[in-house]
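**Q** For the record, in the sequence shown the residue sitting at position 30 is 273 according to our numbering, with numbers rising by one throughout.
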Amino acid sequence: MTLRAVAVRRAGQWPVAEMRDEVVFDHDQRYRRRMRFTAIGGVDVLLDLPEAVQVRDGDAYELAEGGFIRVRAIAEPLLDVTAADADNLAVLAWHIGNRHLAAQFLPGRLRLLDDHVIAAMLTQLGGTVVRLTAPFDPEQGAYHHG
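Written out as structure tokens, the structure is:
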């Protein structure tokens with residue numbers, strides 16, 4: 244039987260005791276309105292949201308039949324970008340935004356999906372780029388409402 248996920252509940256705002264299963268998704272999979280998936284424990288789920296919502300690590304899909312599917316963020320290949328000072332970091336952020344790339348903003352650093360062309364550009368612009376593998380939680384777009 245396929246269960247229907249009809250809402251997203253933020254981490255800490257859903258009863259963990261009612262978790263029926265969990266799923267591990269990358270950042271693209273965590274921004275969907277509709278898709279079918281099988282959770283880790285074998286529960287079949289149809290994601291059927293009114294609109295696409297950026298789901299973060301620890302959030303849950305609420306099931307129409309009762310219960311929740313916890314969402315975990317999988318580690319992805321990323322670029323961790325730092326700069327000599329805040330002004331240079333702002334320039335790097337501008338170039339990332341100008342290319343409409345998904346970016347995660349952390350204190351004194353930026354993270355984005357690994358891309359050798361972007362890594363070379365950021366290095367040429369004075370950034371320090373380190374490749375790493377970690378969950379990616381990019382900033383929501385300017386037109387996001389939710």
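Don't be surprised by glycine CBs; every beta carbon is placed ideally from N, CA and C.
Report the residue ranges of all beta strand (DSSP E) runs contained in full by the region 269-331; include only those spanning at least 3 residues, in chain order.
**A** 274-281, 287-297, 303-306, 311-316, 318-325, all fully within the region 269-331.
**Q** Rank GLY310, TYR274, ILE361 by C-alpha distance to the C-alpha of PRO293 and give the top, closest one.
**A** Closest by alpha carbon: TYR274.
**Q** Whole angstroms is fine: what's the gap from ARG414's alpha carbon to PRO381's?
**A** Not covered by the structure: residue 414. The range shown for the chain is 244 to 389.
**Q** Could you give the residue range of the beta strand (DSSP E) that holds VAL251?
**A** Element bounds for VAL251: 246-252.
**Q** With distance defined between alpha-carbon atoms, name the residue in GLU261, PHE311, ILE339 nearest to ALA250.
**A** Cα-wise, what sits closest to ALA250 is PHE311.
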